[in-house]
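Structure first, then comments.
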Amino acid sequence: TVYVRSHCGDGSFSSWSNGFEFITAITNDDCNGAIALTVNPDFSCTAFIPGTVAGATMSNVTSTCSGTADDDVWFSFTATDTMHRIMLFNSAGFSTQINRALWSGDCGNPTLVPGSCNGLDIAGLTIGTTYYLQLYTFTSTPAQTATFNVCIGTDFENAVGEIAAPSNFSVYPNPASTELFIGTVDGKPVHVMVYDMVGHLVMDQDVVVKLNVTDLAPGSYSLVILDEKGTTRSHARFIKQ
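Residues in the sequence shown are numbered consecutively from 2, following this note's numbering.
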């Protein structure tokens, strides 16, 4: 709240004016200022970010999702699986109905991810790709100050199950401490990329039957397996002890 008074020039001052309330600009008001989220290896939401729409204005991204995106704020995450769950909790304020939309591509001309309008579990994602999450109150009433917590979750059990193969690969042991074996039916070499839980590529190499994971920090990792032609054949998650 700002107050104003006049300096009368003789050492005296006028009375203070009535207060005028204003809100400073918010950091993640637009897509290119999106706050990065850490992807959780499960649905526990251990890693989350507090958010608010206070001070947010309409961005230049036109959404076909429901509601009025006149106070949208932006977050980003890098996919570690083909499906992630977008979870909002502890919402508070005049309007607690927070709408959501997920976008891919460049912030200057993003593409709406199919099925992401107010979606919970968003499928069809590409591992290693950065996605932009747009959140806004449903109402068009101005000066909303809603607060919330946002997190990105992963269905760990489903991800582990994907190691089973319609792709003729097996990955073991899981958890692993020193070596991760990759079994192939035809014995052909495979190319392996390993991503940590924030989507950073930590290993990228051709292997035949195993990976040395000794130097990886303990935690959960995504494994992408490609054939000799560079075609993705399978992906899985494993735990490094």
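We put the CB at the ideal spot given by N, CA and C, even for glycine.
Quantities reported herein were computed from a predicted structural model and do not represent experimental measurements.
Continuous beta strand (DSSP E) stretch holding residue i: start and end
i	result
residue 133	131–138
residue 180	180–185
residue 126	Looking at the DSSP string, residue 126 is not in any beta strand (DSSP E), and its letter there is neither H nor E.
residue 90	85–93
residue 152	148–154
residue 141	That residue, residue 141, is in no beta strand (DSSP E); it is neither H nor E in DSSP.
residue 101	99–105
residue 171	170–173
residue 227	220–227
residue 119	Looking at the DSSP string, residue 119 is not in any beta strand (DSSP E), and its letter there is neither H nor E.
residue 214	First-last for residue 214: undefined, no H or E at that position.
Distance between residue j and residue i (C-alpha atoms, nearest Å)
i	j	result
residue 121	residue 77	16 angstroms
residue 75	residue 141	18 angstroms
residue 37	residue 21	33 angstroms
residue 56	residue 87	23 angstroms
residue 104	residue 114	5 angstroms
residue 16	residue 10	14 angstroms
residue 116	residue 202	27 angstroms
residue 61	residue 217	41 angstroms
residue 205	residue 236	14 angstroms
residue 8	residue 111	51 angstroms
residue 185	residue 211	11 angstroms
residue 149	residue 194	35 angstroms
residue 45	residue 225	24 angstroms
residue 171	residue 177	14 angstroms
Sequence-distant residues of its chain with Cβ nearer than 8 angstroms to residue i (five each side left out)
i	result
residue 18	4, 5, 6
residue 35	29, 75, 76, 77, 108, 133, 134
residue 96	138, 139, 140, 142, 145, 147
residue 162	Because the pLDDT of residue 162 is 45, which lies under 50, any placement of that residue in the model is unreliable, and the question is left without a value.
Whole-number beta carbon distance between residue j and residue i, since they are thought to touch under 8 angstroms
i	j	result
residue 66	residue 26	Incorrect: roughly 24 angstroms between the Cβ atoms, too far for contact.
residue 70	residue 84	The Cβ separation is near 25 angstroms, so there is no contact.
residue 222	residue 128	Not confirmed; about 11 angstroms, so no contact.
residue 68	residue 100	4 angstroms
Own chain, CB closer than 7 angstroms to residue i, minus 5 neighbours either side, in chain order
i	result
residue 41	47, 48, 152, 153, 154, 155
Same chain, Cβ closer than 6 angstroms to residue i, neighbours up to 5 away in sequence not counted
i	result
residue 175	239
Length-filtered (4 minimum) alpha helix (DSSP H) runs lying within the segment 52–78: List check, alpha helix (DSSP H) in window: nothing returned.
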